[in-house]
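One structure below.
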Amino acid sequence: MNKPCITGIGVLSSIGRDFDSLAESLRSSRCGTDEISAFDASAVPGRLGSEVRPFDPLEHFDRRSLRRMDRSSQMGVVAARQAMRMAALGRGDFAPLRVGVVMGTTVGGIVNGYRYYERQARTGHAFASLLCDYMLYSAGARIVGEFGLKGPNIAFSTACSSSNVALGHAADLVRHGRLDIVLAGGVDTMTRTTVAGFNALRNVTREAMRPFDKDRTGLVLGEGSAVFVIESEQSARRRGVRPMAEVAGHGMSTDAYHMTAPDASGRGPALAMTRALRHAGLTVDEIDYINAHGTGTRHNDEVETRAIRKVFGPRADAIPVSSTKSMHGHVLGATGAVEAASIVAAMRGDFVPPTINHRVSDPRCDLDVVPNQARAHRIRAALSNNFGFGGNNCALVLRSMFPHAATPPEEALSA
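The opening residue of the sequence shown carries number 1 in UniProt numbering; numbering runs sequentially from there.
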């Protein structure tokens, strides 16, 4: 079987509009949270958001194209362009029939959907072209069109685990030789529906996102996109491109418990992690870092702690476990992709991203949560957790393919 490797990464997030700026923000504990600007959120108590700004679509697309493109498609295509450039992939470097797209999203092109129905209600007519990007697969359709790809365009929507599922499936397509290259990741935008919905569930904080903190009061919704070029190691070497990381394995499970609340036992998340480790052929002793789901909500953080201890046992005390959501917000269906990019950035830089805004330790979340400041640490293999509404759990294992750094991690972090 082929080894599915990451050779290119594109990112748009509240703390970085490309891979390098994301990495620098993670090192410097930058917070991307501010008041929501995409629309008037004054009617809800939780008005904070982590938006991609500034983001001027006219820097990337002509006006005619933008008449039909939803913000999610815009961000997906820009991230895909970045990933293709990093992977040194031009149109003549691949067979279009052997390249596909797999994306994860929660709300798809709903922003243009709002525009259509608002215009219809206000004027009695609206351009049907506004609905071109309404469907969940639309960002992927824009990406295949951008690069002339003829392989499959697949969309996964499993709530907050969507892009972990997308990355795992894309890796399997390469691993089993069904495709040579896959552009995979996720995208989601800041929308009225998600903001209103999470406020109705009382899951949104009014002050700061504090994952694993005793005084945590909820999450901050975010937006963004991350797209990866995943190809076989042989393909990368043949093109003279050095892979950054291997998508070594993934595991999924469903709680079958409740549409929004997690199962307090942690059995579902634990099963997803166990399956991911088994798929990657790794033991708990080989995991150097866990990027937690870490939403900053009371029950989720406790359940995740319980699940990690269930899987890792005493080893859990020795593994740094941080939530980068504290910096870039909860990007819903795209969050796993943004967090996978964060893991690769940490592997490259020999550091662990922090959990920021941490003030008071919670005895029920008694993990090493890397409070407030990045830490020098060499990561050879990492686990990324994302657990969605409906009990949709997916854990992803990434393994570093960066050459072993000559400098000690401590010096690399301070550089």
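Backbone N, C-alpha and C fix where the C-beta goes; we use that ideal spot for every residue, glycine too.
Identify every residue that forms a DSSP beta bridge with residue i.
i: Gly49; result: Asp34 and Leu221
i: Tyr289; result: Ala382
i: Leu282; result: Its beta-bridge partners do not exist; DSSP assigns none.
i: Leu183; result: Val101 and Val229
Buried or exposed: residue i, going by 16 or more other Cβ atoms within 10 Å of its Cβ?
i: Thr191; result: buried
i: Leu201; result: exposed
i: Phe94; result: buried
i: Glu118; result: exposed
i: His176; result: exposed
i: Ala248; result: buried
i: Thr283; result: exposed
i: Gln234; result: exposed
i: Ala307; result: buried
i: Met347; result: buried
Would you kindly work out how many angstroms separate the C-alpha atoms of residue i and residue j, rounded to a whole number?
i: Cys132; j: Ala141; result: 10 Å
i: Lys3; j: Glu246; result: 7 Å
i: Ala406; j: Asp350; result: Caution applies to Ala406, whose pLDDT of 46 falls short of 50 and renders its modelled position unreliable; the value that the coordinates give is listed next. Going from the Cα of Ala406 to the Cα of Asp350 covers about 11 Å.
i: Glu302; j: Lys325; result: 16 Å
i: Val111; j: Met252; result: 30 Å
i: Leu383; j: Ser50; result: 24 Å
i: Ala226; j: Leu26; result: 15 Å
i: Leu167; j: Ala126; result: 36 Å
i: Glu24; j: Glu339; result: 14 Å
i: Thr260; j: Ala341; result: 27 Å
i: Glu35; j: Val44; result: 12 Å
i: Ser265; j: Ala80; result: 39 Å
i: Leu219; j: Thr205; result: 5 Å
i: Ser21; j: Gln120; result: 40 Å
i: Asp56; j: Asp180; result: 33 Å
i: Tyr137; j: Leu130; result: 15 Å
i: Met327; j: Arg309; result: 25 Å
i: Asn203; j: Thr217; result: 8 Å
i: Ala159; j: Gly109; result: 15 Å
i: Ala128; j: Pro243; result: 43 Å
i: Ser37; j: Asp62; result: 23 Å
i: Glu304; j: Val11; result: 26 Å
Return yes when the Cβ of residue j is within less than 8 Å of the Cβ of residue i, no when it is not.
i: His293; j: Phe228; result: no
i: Ser163; j: Gly145; result: no
i: Asp288; j: Ile379; result: yes
i: Ala334; j: Pro353; result: no
i: Leu221; j: Val195; result: yes
i: Arg71; j: Thr189; result: yes
i: Gly8; j: Met103; result: no
i: Gly148; j: Pro96; result: yes
i: Pro262; j: Asn300; result: yes
i: Val101; j: Asn153; result: yes
For a test of your reading of the model: does the CB of residue i fall under 7 Å from any non-hydrogen atom of the ligand SAM? Yes or no.
i: Arg27; result: In terms of ligand content, the structure shown is empty, and the ligand SAM therefore cannot be addressed.
query = Are at least three pairs of beta-carbons, each pair with one atom in the segment 352-367 and one in the segment 210-222, less than 8 Å apart?
reply = Yes, the segment 352-367 is in contact with the segment 210-222.
inquiry  = Using 8 Å as the cut-off, can you tell me whether the segment 388-397 makes contact with the segment 276-287, which would need three or more C-beta pairs spanning the two stretches below that distance?
reply    = A contact between stretches requires three or more CB pairs, one per stretch, nearer than 8 Å, and the segment 388-397 meets this requirement with the segment 276-287.
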